[in-house]
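Position one of the sequence shown corresponds to residue 809 (my numbering), numbered consecutively onward. Presented below is the structure to which this report refers.
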Amino acid sequence: MMPVDAAPIPHPFHVDAEGVNRTPGPDKHPYYAQFAASESGIAPVVRQVGGEWLPALLICRYDDVREVLRRQDLFSRAAAAHADQIDVSGTMLGMDGAEHAAIRGTVKDTFTRPAVSQMRDTVRAAAEAQLGVLVAKDGRADLVGDFAVPFALNVISDLLGLPEPDRAQFHRWGDMFMGSGDLSRAEAARSAEEMGGYLWQQLDGRRGCPAGDLMTRIATAAADQPVDVQVKLPLSLIVGGWETTASSISTFVYLLRTRPYAGHDRAWDYLLEHPEQVDGAVAELERLHSTSNGDEMPRRVMADVTLPSGARLAEGDIVIPSHDAANRDPRVFTDPERMDFGRDPNPHLSFGYGPHYCIGAHLGALEVRAALALLLRELPGLRLAVASDEVRWKQGHAILGPWELPISW
């Protein structure tokens, strides 16, 4: 059913006629705030998948989005595979219920808040080591390629136990794998095949020679799963583990260096005076500028249901829960478009909610906070080395971020 009497809007909102999402920068489309504040909180959209435009309903109000994310029994990821722009079959992202819980359970203990808190010194040391590489560039560097990507990739690779010489190729594979839109589906499939072959060799080697790392745990605990599932578990951890973190670091630095805050021309300068607010700043930047470039993955409605807002959905509807809209719901966030580093509470949904809550959320947040705190402390004079409108943002990609961010200090 279509709760809103309006023509469907192409989604993501910056998508062109070819189905490529040409996001111009880090700011979210004004539709998000508009739909979140609307009476229905639901907007009919169409998405291009496999050369066809498929209808769906964008769920925008905070309580409704949480309900969709929480109820796997009523809102199925697996049953909406045909509406996905990225092939996530065989991964946790494409599963429901007991199947999802079993695969997630293989690694979830590694990523709990208490477990991640034990990694604080390790993450800080990794950031400091990569900063040493950055400053060796003698006053000018690319924050993405010289710091954010290798730092985030090394953290997750060390956790998994991947050999250091092999890591650089994951950058290329990951960019191909996370491409969205029909033009990049063949590249994504080829990338997944190449990564899969490499990771299977790693898993197979751990079964004969355990190494005490996360790859060994996966090789052991998931040995009864199909090969495809075994391979895609570390694959999703690697790609998700570095891509979103690296993009957040570079995007947030861009925003802090280009946006005013609390009487300062640049939010960066405010944080130099108030370093104790870095954690709050990261949470608020996550709310307003999540790295997702097209909302949550679609779900299929499995039975007629009424959402908390009173909106009714019919069995068979395809829905897309929008955390970017929910994060702007004025019923939850006062003055939602205002950036407020002291916003408390800040229950944003940028990492999802419920069973599919991002498994690496705690680790990713730790990495971003450690990176920003380190850059503020060690490179207080950091600034963009190009005009802000010259920064190139990823096009046709599931993760939002700059391709490179030239900086000087």
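Here a beta-carbon is modelled for each residue, glycine too, at the ideal position from N, C-alpha and C.
Item: In this structure, how does DSSP classify L991 when only helix, strand and coil are distinguished?; Value: Only weak support exists for where L991 lies, its pLDDT of 41 falling under 50; the value from the coordinates is given anyway. Reduced to three states, the DSSP call for L991 is helix.
Item: With a 10 Å radius around its C-beta and 16 neighbouring C-beta atoms as the bar for buried, classify D929 as buried or exposed.; Value: exposed
Item: With DSSP as the reference, label P838 as helix, strand or coil.; Value: coil
Item: Looking at T1099: is its Cβ nearer than 8 Å to the Cβ of T1059?; Value: yes
Item: Is the separation between the beta-carbon of I1046 and that of F959 shorter than 8 Å?; Value: no
Item: Using the C-alpha atoms, what's the distance from E1104 back to M900?; Value: 14 Å
Item: State the Cα-Cα distance for the pair A825 and A815, rounded to the nearest angstrom.; Value: 16 Å
Item: Go ahead and label E1001 buried or exposed: buried means 16 or more other beta carbons lie within 10 angstroms of its beta carbon, across all protein chains shown.; Value: exposed
Item: Can you list, in chain order, the residues of its chain whose CB lies under 8 Å from that of R1025, leaving out five sequence neighbours each side?; Value: T914, V915 and T918
Item: Between R874, L862 and R830, which has its C-alpha nearest P1129's C-alpha?; Value: R874
Item: Run through DSSP, which three-state label would S884 get?; Value: strand
Item: Would you decide whether A956 is buried or exposed? Buried here means 16 or more other CB atoms lie within 10 Å of its CB.; Value: buried
Item: To which residues of the same chain is R921 closer than 6 Å at the C-beta, ignoring the five residues directly before and after it?; Value: H1170
Item: Can you give the Cα-Cα distance for R1107 and R948, rounded to whole angstroms?; Value: 45 Å
Item: Does DSSP put T1220 in a helix, a strand or coil?; Value: This structure does not reach residue 1220, given that the chain is present from 809 up to 1217, and the question cannot be answered.
Item: Is it the case that the Cβ atoms of D1125 and L862 are separated by a distance below 8 Å?; Value: no
Item: Pull up the distance between the alpha-carbon of S897 and that of A889, whole angstroms please.; Value: 7 Å
Item: Restricting to runs no shorter than 4 residues, where is the alpha helix (DSSP H) found entirely within the stretch 1104 to 1158?; Value: 1131 to 1134
Item: Taking only the alpha-carbon atoms, compute the straight-line gap between E860 and A923 and give it to the nearest angstrom.; Value: 44 Å
Item: Give me the DSSP bridge partner(s) of S1216.; Value: R948 and R1191
Item: As an exercise, report each continuous alpha helix (DSSP H) stretch of at least 4 residues that is fully enclosed by the stretch 887 to 928, in chain order.; Value: 905 to 915 and 921 to 925
Item: Taking DSSP's pairing of strands, which residues face W861 in a bridge?; Value: Q856
Item: For the ligand GTP, is there any heavy atom lying closer than 7 Å to the beta carbon of L1079?; Value: By its list of ligands, the structure shown contains no ligand whatsoever, and the ligand GTP lies outside what it can speak to.
Item: Rounding to the nearest angstrom, what Cα-Cα distance links L991 and V828 in this structure?; Value: For L991, the pLDDT reaches just 41, beneath the cut-off of 50, and the residue's location in the model is therefore unreliable, leaving the point undetermined.
Item: Cβ atoms of L1064 and A1054: under 8 Å apart, would you say?; Value: no
Item: Less than 7 Å between C-beta atoms, sequence neighbours within five positions excluded: which residues of the same chain meet that for D1148?; Value: E1092
Item: Less than 6 Å between C-beta atoms, sequence neighbours within five positions excluded: which residues of the same chain meet that for P820?; Value: N829 and G1102
Item: Compute the beta-carbon to beta-carbon distance between N1135 and H1156, rounded to the nearest angstrom, for a pair I have assumed lies under 8 Å.; Value: 5 Å
Item: Per DSSP, what kind of secondary structure is Y1165 in: helix, strand or coil?; Value: coil
Item: State the Cα-Cα distance for the pair W1211 and Q1203, rounded to the nearest angstrom.; Value: 9 Å
Item: According to DSSP, what are the bridge partners of L866?; Value: A851 and I1128
Item: With 16 other CB atoms within 10 Å as the buried threshold, where does T1142 fall?; Value: exposed
Item: Within this structure, are the beta carbons of R1014 and M1003 separated by less than 8 Å?; Value: no
Item: Pick out whichever of R855, C868 and V857 has its Cα sitting closest to the Cα of A845.; Value: C868
Item: In angstroms with no decimal places, state the Cα-to-Cα distance between G849 and P1034.; Value: 40 Å
Item: Within 10 Å of its beta-carbon, does R1120 have 16 or more other beta-carbons around it, so buried, or fewer, so exposed?; Value: exposed
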